[in-house]
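Chains as they are written, first to last, in my numbering: chain A, 1477 to 1641; chain B, 5 to 608. I have placed the structure first, in the form of structure tokens, so that the comments after it can refer back to it.
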Amino acid sequence: METALTKVKSEEYGGELIQLVSFNLEKEEYGINVLMVREIIRMLNITRVPNTPHYVEGVINLRGKVIPIISLRRKFDLMEAEYDKRTRIMVMEVVGELMGFIVDEVSEVIRISEKEIQPPPPVVSSGIEQECMAGVINQADRLLVLLDLERMFSADERRLFSNVA
Amino acid sequence: MSIDCEDQELLEGFLAETTELLEKLDDDLISLEKSPEDAELMNRIFRSIHTVKGASSFLGFDMLVKVTHKTEDVLNRLRKSELSLNSEIMDVILEAVDLVKTLVSDIKGGDIVERDLEDTISKLIPYLSEGAVEATVLAPVFAPKEETPPVPPPAPDPQEPAGAAPASAPPEAVAAAESAAAPKPAPPVAQPKPQPVKEPAKAAAKGDELADNSTVRVDVKRLDDLMNQVGELVLERNRMIQLHSDYQTGLDPTGFGDDFGKLSKRLNFVTSELQMQVLKMRMLPVEKVFKKFPRIVRNLARDLGKEVDLVIYGEETELDRSVVDEIGDPLIHLIRNALDHGLETPDQRLAAGKEPTGTVVLSAAHEGNQIVISIKDDGRGIDPERVSKKAIEKGLITEEQLASMGSREILDLLFLPGFSTKEQATDLSGRGVGMDVVRTNIRKLNGIIEIKNDIGRGSEFILKLPLTLAIIQSLLVEVEREVYSIPLASVIETMRVSKKEFHMIGGQEVLKLRDSVLPLLRLQHTFGCQEVYSERDTCYVVIVGVAEKRIGLIVTRLLGQQEVAIKSLGKFLSNLPGIGGSTIMGDGRVALIVDPIGLIGGAA
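In structure tokens form, the structure reads like this:
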């Protein structure tokens, strides 16, 4: 069914359809490929892990599996904010490992055609590292930043993780 | 040339069975040499090799058949007493068995490499009565290979690299040997030996893998018990669901507390049973490791010109397979050292008024939640003066450092990489790697090493290892409101001290503990915890030991002892200093497990 739908739509737009989970961080909207997202959970007790990069909040127990939690606010050098009842942890599979990312709010799943994705603007003055921006989606009433977390934890980043040792 | 085997299952069965037979074979052959009259043993050996031959001919592994066939012939003659067993025959048979192992590991690796069988087979032939005839018959078979230059002495006795590869730094060495495609022979066999060296080196590395534990054979009864326990667990779960729905529908809420109490008790019982069962399945007798030692000792003793009696106790002691895998190499080094450095030659022994035959005792036993393995020799013992002199000579320590060392610390120098009392490195020892390997592996296992030394009368190395690596007993401590778990296997003692008792020596906080000086580490600083209790003037010191080192960890409070299951922190957080993993507490929160190795490494 899904494929049939995709096909029709893609003919219409002339491009592959992808689904994105959109979430908010500091009033900006971001999108991430739905296939990356394993689950979305509420905030729970996070155990701090010493000697880690500042954006690593700690670890949680996800039904018997211990996974690292990363604060996207800190990762992108945004202002720290209190966690409230809309704060969510998005559990994603990044380079074969489960990780949780704290975001302000998860809003919806949207479908877009690949053609709508524009390359990121050449100068990004926000803290978001250029390399983990896969592109922007410019729709009539909204602007979405498409993230590529695989790239965020590219070789560099992983080295950083292990270099702390 | 890859293996074209239609029935993968058949092949796997063959490999599992053959590997098992070959492991046993080594052991049996050594026993046979000691008691050549044992017909039962002889028959068992014969049967094993016969089984291997049968299976390989069925599967069409021709090279295996050739070797096993000749070996079987020789064994048959021994069995019929047409030949009498001596150490030359044994050497040849052992060599043939090694070749078989190599071939089997080739098959396991999925690649059949053309190997030179002729060399080994030609050695077997003289022991066959119709030797001359056989030789001529066989010649054509190997005709194409006839040109290969009279192959150098049986390459380096296959046993040699088998021991030597793990000798000099196992992980790298094995890796190096495995990538033997590299032009140079692997470092362990660095002597300029002729070409064929590469092959056996690779074979040795593979031979080690041959004994790997990727599949498990479990007693059916244990499996049935497990199934039974799982059934119980399901039952308890159903009761729990029932209880909950009863409670929600408001049916007799008064009895809920009672019922729930009973349920949790039963659940506790079932899960701990289950835990034991699963743990038992992971257990292996330490015999798996011990059984290769008689042969190593035999070869070493011969090479060194010493007479050695190896006595083994407690080989039935069971421990976790993960531990079994790791202790092989350290034990080989310790045994090597006992033979090479510890025991004297027969002449020296006689001069010292001892029996000419030295004794090495290898024993294993359970002690509480640990397994204790000891290697004891009745040789000359370790001379601390010689050790300290060498360490200074090699520039490993300075005179001042030596002056402040107790006798314990001096013995610990043995473990320094690069330390060796040998003037010259030989095949056997002297590169100063062995003891470092011992230390590294024992550390990895969260174990402790103790040395008992009696100059002139021998030395004893005692390894204390945790039984399993998956579930450990741990000491829960609080460091400024954060909970950490310290593996109990590394904890030696805990004490409550006043901060006034701490001293500073050269920027290092220390504590005077009885007759030794203990370096201290504030976990709060190491882990960067926020200080919440600033005005307390007493705290607790947890004294932990890693291999031969001791250190005191300063914590705020001791919370108690708990059995915890170790959970990995995942790839991203795997390299944190001082953190060995994590565990999940009763309330679902994660507590980090302190890694004493990392801490001590950082403090030293």
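Don't be surprised by glycine CBs; every beta carbon is placed ideally from N, CA and C.
Glu122/B carries a helical assignment under DSSP once its states are collapsed to helix, strand and coil.
Distance from the CA of Thr23/B to the CA of Arg299/B, rounded to the nearest whole angstrom, comes to 17 Å.
If only uninterrupted beta strand (DSSP E) runs of at least 3 residues are considered, those enclosed by the region 463-541 of chain B are 475-483, 486-491, 495-502, 506-509, 512-517, 520-526. In this model, Ser411/B and Val559/B are separated by some 29 Å (Cα to Cα). The alpha-carbon of Ser88/B is positioned some 11 Å away from that of Glu37/B. Interface with chain B (8 Å Cβ-Cβ cutoff): Val1567/A is excluded. In this structure, Asn1521/A lies away from Ile588/B, with their beta-carbon atoms at least 8 Å apart. For Leu596/B, the neighbours in chain A by C-beta distance under 7 Å run, in chain order, Thr1523, Val1525. In the three-state DSSP reduction, Met1566/A falls in the strand class (E or B). With respect to Leu603/B, Gly582/B sits close: the two C-beta atoms are nearer than 8 Å. For Val1579/A, the enclosing beta strand (DSSP E) stretches over residues 1573-1579.
Of Ile475/B, Gln352/B, Val521/B, the smallest CA-CA separation from Gln566/B is found for Ile475/B.
Comparing alpha carbon positions, the residue from Met231/B, Asn47/B, Thr55/B closest to Gly17/B is Thr55/B. Taking every protein chain shown into account, the CB of Ile53/B has 16 or more other CB atoms within 10 angstroms, so this residue is buried. Gly113/B has its alpha-carbon roughly 48 Å from the corresponding atom of Pro1595/A. For Lys38/B, the nearest beta carbon of chain A is not closer than 8 Å to its own beta carbon. Residues of chain B with a Cβ closer than 8 Å to the Cβ of Glu1573/A are, in chain order, Gly574, Lys575, Phe576. The DSSP-derived three-state label of Glu348/B is coil. Secondary structure at Val568/B: strand, using DSSP grouped into helix, strand and coil. In the structure shown, Ser39/B falls within a coil segment according to DSSP collapsed to helix, strand and coil. For the region 462-495 of chain B, residues whose beta-carbon sits nearer than 9 Å to a beta-carbon of chain A comprise Glu486, Val487. In terms of beta-carbon proximity, Ile1517/A stays away from the interface with chain B, with every pair separated by 8 Å or more. Proximity of Pro581/B to chain A, defined by a Cβ-Cβ separation below 8 Å, is satisfied.
Excluding residues up to 5 positions away in sequence, Ile1543, Ile1545, Ile1565, Val1567 lie with their Cβ nearer than 6 Å to the Cβ of Gly1576/A in the same chain. Each of Val224/B, Ser276/B, Lys225/B, Gln12/B was checked against the Cα of Val568/B, and the nearest Cα belongs to Ser276/B. In this structure, the beta-carbon distance from Gly438/B to Arg340/B falls below 8 Å. With the rule of 3 Cβ pairs closer than 8 Å, the region 302-315 of chain B does not count as touching the region 277-287 of chain B.
By the C-beta density criterion, Asp1553/A is exposed, having fewer than 16 other C-beta atoms within 10 angstroms. Membership of Ile111/B in the alpha helix (DSSP H) is indicated by the continuous run 91-113. The beta-carbon of Ile588/B is placed less than 8 Å from the nearest beta-carbon of chain A. Take Lys503/B, set aside five residues on each side of it, and the residues of its chain with a beta-carbon closer than 6 Å to its own are Asp541, in chain order.
In the assembly as shown, Gln374/B is a buried residue. Its beta-carbon has 16 or more other beta-carbons within 10 Å. Here Gly549/B is bridged, per DSSP, to Arg554/B.
Per the coordinates, the alpha-carbon of Val104/B lies some 28 Å from the alpha-carbon of Met287/B. Note: Asp458/B is bridge-paired with Gly462/B in the DSSP secondary-structure output. Nearest to Val365/B by C-alpha distance, out of Glu486/B, Asn80/B, Phe297/B, is Phe297/B.
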